[in-house]
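> First the structure, then my questions, so here it is.
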């Protein structure tokens with residue numbers, strides 16, 4: 265009897281290990297079969313058919329719709345994926361809507377639907393501003409690669425404005441060449457539309473929320489595209505002077521150096537910005553520390569929306 269029990273226990277452990285290794289959920293419904301086709305058999309077309317069956321059968325619809333859209337994207341069936349998400353998201357739970365929005369944003373990027381991407385990003389930002397995105401809470405639980413973690417309102421706002429890990433790059437000249445498709449969310453989207461004025465607003469607001477060297481480089485590029493070379497030089501120089509978080513990151517420094525070289529090569533007369541009123545660096549730094557101790561005045565609104573709402577009436581977004 266003990267021998268049979270041990271065999272049964274061993275078989276269960278092996279089965280559990282199989283699901284862990286292949287990241288396939290347990291069960292025998294159409295969703296589990298779809299995941300098996302996707303991850304184990306490596307048959308994406310068969311997986312899509314089974315995901316459809318799962319959706320129609322009401323089997324883990326939240327996951328089935330998201331996973332099916334991802335597989336469709338991999339097969340360059342982006343338009344079909346967009347229609348599927350838009351048509352069937354009503355069958356999904358309220359908690360799944362945010363993830364479905366993120367899936368749509370990626371699909372819009374891949375298919376070049378920049379206007380749709382901008383509108384969706386603005387809607388998500390508006391939901392945060394109105395207190396709807398986090399159900400009135402300061403944080404929400406997010407998931408990445410199977411791991412859960414907490415995301416704050418500040419982090420989510422910054423992420424929607426600008427993806428901190430991505431650069432907007434140009435080839436081969438920062439001043440005259442086309443922008444490569446590095447997806448920086450709302451800032452990136454406005455850059456793709458050549459709406460550099462709104463891109464500038466987005467990057468400046470993002471810097472107010474979570475300043476770093478990467479966003480400074482992207483802001484500098486926005487200014488360059490508007491032929492505001494002196495301002496661009498000053499912004500990018502802050503990175504090389506170590507005045508922003510992330511200034512010591514190799515990619516950020518290299519990017520800043522490239523932009524400075526491009527600026528100087530096309531604008532030989534470009535001069536170093538002089539110290540304000542001739543004040544030395546230590547004195548200026550002391551003033552900054554003092555004002556930081558006092559703390560800036562903050563309204564109840566998120567800082568990003570203080571100017572964006574004004575400019576929305578003035579600019580065609």
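In the working numbering, the protein residues as written are 265 to 581.
Glycine included, each C-beta is placed from N, C-alpha and C at the ideal position.
Values in this document were obtained by computation on a predicted structure and should not be read as measured data.
1) What residue range does the beta strand (DSSP E) around residue 411 cover?
2) Are the beta-carbon atoms of residue 426 and residue 465 separated by less than 8 Å?
3) In the DSSP assignment, find the alpha helix (DSSP H) that holds residue 289 and state where it starts and stops.
4) Using the C-alpha atoms, what's the distance from residue 379 back to residue 476?
5) Classify residue 294 as buried or exposed, calling it buried when 16 or more other Cβ atoms lie within 10 Å of its own Cβ.
6) Under the rule that 16 or more other beta-carbon atoms within 10 Å means buried, what is residue 390, buried or exposed?
7) Is the CB-CB distance between residue 333 and residue 345 below 8 Å?
8) Have a look at the DSSP bridge pairing and note the partners of residue 406.
9) Whole angstroms are fine: how far does the CA of residue 474 sit from the CA of residue 318?
10) Assign residue 292 to buried or exposed, taking buried as 16 or more other Cβ atoms, counted over all protein chains shown, within 10 Å of its Cβ.
11) In the DSSP assignment, find the alpha helix (DSSP H) that holds residue 372 and state where it starts and stops.
12) Skipping 5 residues on each side, what residues in its chain have a beta carbon closer than 6 Å to that of residue 307?
13) Would you grab the beta carbon distance between residue 388 and residue 424 for me? Rounded to a whole angstrom, and I think it's under 8 Å.
14) Out of curiosity, what's the CA-to-CA distance linking residue 524 and residue 338?
15) According to DSSP, is residue 451 helix, strand or coil?
16) Would you say residue 521 and residue 504 are within 8 Å of each other, going by their C-beta atoms?
17) Sort 363, 386 and 463 by Cα distance to residue 407 and report the nearest one.
18) Relative to the C-alpha of residue 367, which candidate in 398, 394, 335 and 395 has its C-alpha closest?
19) By the 10 Å Cβ neighbour count, where 16 or more other Cβ atoms means buried, how is residue 514 classified, buried or exposed?
20) Classify residue 528: buried if its beta carbon has 16 or more other beta carbons within 10 angstroms, exposed otherwise.
21) Would you report the Cα separation of residue 416 and residue 494, rounded to the nearest angstrom?
22) In the DSSP assignment, find the alpha helix (DSSP H) that holds residue 213 and state where it starts and stops.
23) Pick out whichever of 372, 399, 361 and 327 has its Cα sitting closest to the Cα of residue 340.
Based on what the coordinates show:
1) Residues 411–416.
2) Going by C-beta atoms, residue 426 is not nearer than 8 Å to residue 465.
3) It is not in any alpha helix (DSSP H) - residue 289 carries neither H nor E in the DSSP assignment.
4) So the two alpha carbons sit approximately 27 Å from each other.
5) If you draw a 10 Å sphere on the C-beta of residue 294, you find 16 or more other C-beta atoms in it, and that means buried.
6) By the neighbour-count rule (16 or more Cβ atoms within 10 Å), residue 390 is not buried but exposed.
7) Contact flag set, yes.
8) 413, per the DSSP bridge assignment.
9) Going from the Cα of residue 318 to the Cα of residue 474 covers about 41 Å.
10) Residue 292 counts as exposed, since fewer than 16 other C-beta atoms from the protein chains shown sit within 10 angstroms of its C-beta.
11) Segment 361–375, the alpha helix (DSSP H) holding residue 372.
12) If we look at residue 307 and ignore the five residues flanking it on each side, its Cβ neighbours are 301.
13) Going by Cβ atoms, the distance from residue 388 to residue 424 rounds to 6 Å, so yes, they are a contact pair.
14) Rounded to the nearest angstrom, the two C-alpha atoms are 38 Å apart.
15) In this structure, DSSP gives residue 451 a helical state, which the three-state scheme calls helix.
16) The answer is yes: Cβ separation under 8 Å.
17) Nearest option by C-alpha distance: 363.
18) The residue with the shortest Cα to Cα distance from residue 367 is 335.
19) The residue is exposed, with fewer than 16 neighbouring Cβ atoms inside 10 Å.
20) Residue burial annotation: residue 528 is exposed, with fewer than 16 other C-beta atoms found within 10 angstroms of its C-beta.
21) Near 35 Å, if we compare the C-alpha coordinates of residue 494 and residue 416.
22) Look at the range of the chain in this structure, 265 to 581, and you will see that residue 213 is not part of it.
23) It is 372.
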